[in-house]
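Worksheet: one structure, shown below.
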Amino acid sequence: MRIGHGYDVHRLTPGRRLVLCGVEIPCELGLEGHSDADAAIHALMDALLGAAGLGDIGKLFPDTDERYLGISSLKLLDEVMALLRGKGFRLGNCDITIVAQAPRLSKYTETMRRTLAGHLLASPDRVNVKATTEEGLGEVSTKGIAAHAVALLEEPPRVKNL
Ligand code: MG
């Protein structure tokens, strides 16, 4: 088993869609970024890559690359999963915490979980998504939305050196 952690934050801004875990949330503000700025999927991808020892999404999908302008982070997640499968890794489970003062996200977490499970090719019970506020005490969660993720990967069996 191998564990990885990811963290991301994006600023809330007018004139952008708000997409978290691939689910569009009705809101007058959205997240600023090169891709669709889905902070939750970005944190998840960093956790997956971290567990596999494969660096981070900044290295894999640089924000200077026009190919990733406005791209759905679900597509990036598909690429990360293909990379991991190619190396023989399987998802054990993952857990995401979205930190946002507003909007309230609890009614969307089940849809988020099922959306992610489809792209992770995993049963939904291996994927958990939760949301919290910071009781108005956090500058980051007031001006933006942050996300933490942890992921456990099952490692391919090692060939014994005799
Ligand atoms: Mg990001």
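All residue numbers for the sequence shown refer to my numbering, where the first residue is 74 and numbers rise by one. Think of the CB as a built atom: it goes at the ideal place given N, C-alpha and C, for glycine as much as any other residue. Values in this document were obtained by computation on a predicted structure and should not be read as measured data.
Secondary structure remark: continuous beta strand (DSSP E) runs of at least 3 residues inside the stretch 156-230, in chain order: 163-172, 200-205, 217-227. Not a single heavy atom of the ligand MG lies less than 7 Å from the C-beta of G77. In the assembly as shown, G103 is a buried residue. Its beta-carbon has 16 or more other beta-carbons within 10 Å.
The three-state reading of DSSP puts R75 in strand, counting E and B together. Excluding five sequence positions before and after Y80, the CB atoms of its chain that fall closer than 6 Å to its own CB belong to A116, H221, given in chain order.
By the criterion of at least three beta-carbon pairs nearer than 8 Å, the stretch 106-122 is in contact with the stretch 163-180.
A Cβ closer than 6 Å to some heavy atom of the ligand MG marks a residue here, and those residues are D81, H83, G106, A112, H115.
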